[in-house]
Amino acid sequence: MNIEVVSTTSFDDQKPGTSGLRKPVSIFKQPHYTENFIQATFNAIGDNLSGKTLVVGGDGRHFMKDAINIIIQMAAANKVQKLIIGTNGILSTPAVSCIIRKTKAIGGIILTASHNPGGKDGDFGIKYNISNGGPAPESVTNEIYKYTLSINSYKICYDLKDVQIDKVNEFQFDIDDHKFIVEVIDSVEDYVAMVKSIFDFDRLKDLLSSGEFKVIANGMNGVTGPYLKQILCKELNLPESSIINSVPKEDFGGLHPDPNMTYAADFVSLMKEGNYMFGGAFDGDGDRNMLLGQYGFFVNPSDSVAVIAANASCIPFFKEGLKGLARSMPTSAALDQVASALNIPIYEVPTGWKFFGNLMDSGKLSLCGEESFGTGSDHIREKDGIWAFLAWLSILATDKTKSVQTILENHWQTYGRNYFTRYDYESIDCASANLVINNLRKLIAEGELKEVNGHVVQVADDFRYVDPIDKSISEKQGIRIIFEDGSRIIYRLSGTGSEGATIRIYIESFVTDKSKLTEDPQVILKPLIESALQISNLSSITGRTTPTVIT
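First residue of the sequence shown: 1, per full-length UniProt numbering; consecutive thereafter.
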């Protein structure tokens, strides 16, 4: 089989964001577009790629199988020794991280746009994970981007087409001067074995065996369905009716695979009926989760990671204790309260799971989370939706009340409550979005912001992160206004959209008054919300009077 060198011209819009390159499917289908980005990724890996193993998989969305075919052809031409691919291309993002680490692969390519819509008119994405199983750091993604701007050719082996990946198998090919292997593996086996080594499945069976404690999991027609079936039905003996939307679909069955109160409203309504004591919904690639208690009681992701940290002793994986805790900067400080009480180090990092990786690899971090429905630990180097679901099941199995709401209310009584909300303004004109942020940066730089609605400003800055391990610096990671009473307003341009720009505003207030711990967050935070909108002048600049999503 012969290698061909194809001439191409560069594209100027292939800069990876927080989690890889995400664009509408139609953009990726342009001639040479996907090939250019894959070759740029291979070029960034460099000579280390030759003779090595790569893991490849995705969430089943439209164009995934076409992209896998391209990757097979180009990996062979770029002297990769072996590709490990999930059956039918299906691998959750947490599973890719797990398999990279287990097989000591040089890295992996994940084909997903995560929580973005799918289908012919939806989004597609390509993300590169490095050898520790985590998302590529900025040093690597910047190198990829550099190559996308200068690329003039790519290597491909067109003779390798239509490799059958619909069942477990192994194929060997002679490509010029080297052998090339494609190993198709069971999509769920390695991940399921991993979570069984983390949690006490016998205890979980005891919780669920009577049938009185009913749970339900919503795969949202993304990648998690096959994993949930194996774990909940085959390992924990629950009926298949305990899982809904369990078949991965190219368009997610018309669902928006973002597990929040807006895009999973039907699931929230189902939980509000009170028939289930615990429920979870998961995004397209399986790294995000939304957890609900009986009658639709919402577990804020910032609170979720704090509760898991406070109850980590019920998870066998943490039997030696927690080495450290971490959260993304916009995430509420609920985790900080637990870290302080337990005398455990706490780290604040920019948004993006890649920033947790160095801390984990250096043995400083056990458990971490982001307010954007991501929770995880150092079992892998990605956030992990099903892991979070099983962690909460473990807590419920240990707690006498078996009530999500009671667990959270008891937690607030112990640690205080960080009331928190996030306002998302999606698909804003880029010029308008940048004007909002630049005006805020100017306001901060002038140093005139001293008080907001009775709250005295303690810190006003544009978050700058210095990695404590490799000393790398990440600038302009979000506008912070921190008040003396612990309240915060954060503004940030998101890097996960595929069109236009998304501005996120995060508002937080810390309350310790035990009589005020069960109020509606929107009521408690209303004065700060109004102040945040007034300070930013967002409505008049963008014309947007209401957010797309409120969390």
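Quick reminder that beta carbons are idealized off the backbone N, C-alpha and C, glycines included.
query	result
Under the three-state DSSP convention, the category Gln172 falls into	strand
Reduced DSSP category for Lys364 - H, G, I as helix; E, B as strand; rest coil	coil
Coarse secondary structure for Ala217, derived from DSSP in three states	strand
Check whether Asp176 and Asn43 have beta carbons under 8 Å apart	no
Local conformation of Asn275 per DSSP, three classes	coil
His455 - containing alpha helix (DSSP H), residue span	From DSSP, His455 is part of no alpha helix (DSSP H) but of the beta strand (DSSP E) over His455 to Asp462.
Beta carbon of Gly500 nearer than 8 Å to that of Ser427	yes
Among Gly134, Gln522, Ala76 and Ser209, nearest to Arg381 - alpha-carbon criterion	Gly134
Ile3 (DSSP reduced to helix, strand or coil)	coil
DSSP-derived helix/strand/coil call for Thr414	helix
Residues of its chain near Asn129, where Cβ-Cβ distance is below 7 Å and the 5 sequence neighbours each way are ignored	Val96, Ser97, Ile100, Gly107, Gly108, Ile110, Pro135 and Ala136
Backbone CA spacing between Ser187 and Ile473 [nearest angstrom]	37 Å
Where the beta strand (DSSP E) through Glu508 begins and ends	Ala501 to Val511
Residue from Ile151, Leu236 and Gln477 with nearest C-alpha to Phe11	Ile151
Three-state secondary structure (DSSP) of Lys179	strand
Asn453 versus Tyr295 - alpha carbon distance	35 Å
The region 212-226 touching the region 33-47, judged by at least three CB pairs closer than 8 Å	no
Selected residue, minimal CA-CA separation from Arg464, among Asn289, Arg441 and Gly321	Arg441
Extent of the continuous beta strand (DSSP E) to which Ser377 belongs	Gly374 to Ser377
Between the CA atoms of Ile45 and Ser131 - distance to the nearest angstrom	11 Å
Residue range of the unbroken alpha helix (DSSP H) whose run includes Leu443	Cys430 to Glu446
Extent of the continuous beta strand (DSSP E) run through Thr87	Lys82 to Ile90
Classification of Ile165 by the beta-carbon crowding that lies within 10 angstroms, buried from 16 upward	buried
Nonlocal neighbours in the same chain, by C-beta distance under 6 Å from Thr421, ignoring five residues either side	Ile507, Pro521 and Leu525
Own chain partners of Glu370 with C-beta closer than 6 Å, once the 5 adjacent residues on each side are dropped	Ser328 and Thr331
Which of helix, strand or coil DSSP assigns to Tyr158	coil
C-alpha gap between Leu435 and Thr542, whole angstroms	9 Å
Cβ pair Trp387, Val223 closer than 8 Å	no
Buried versus exposed call for Glu35 [16 or more other C-beta atoms within 10 Å across all chains shown]	buried
Among Ile505, Ala75, Val511 and Glu446, nearest to Asn537 - alpha-carbon criterion	Ile505
Straight-line gap, Ser197 to Ile535 (C-alpha atoms, nearest Å)	49 Å
Residue burial classification, Tyr227 (beta-carbon count within 10 angstroms, cutoff 16)	buried
Rounded separation between Leu335 and Ala77 - CA only	47 Å
Cα-Cα separation, Gln337 to Tyr415	6 Å
C-beta contact flag for Arg488 and Ile481 at 8 Å	yes
Span of the alpha helix (DSSP H), counted from its first residue to its last, around Ile68	Met64 to Ala77
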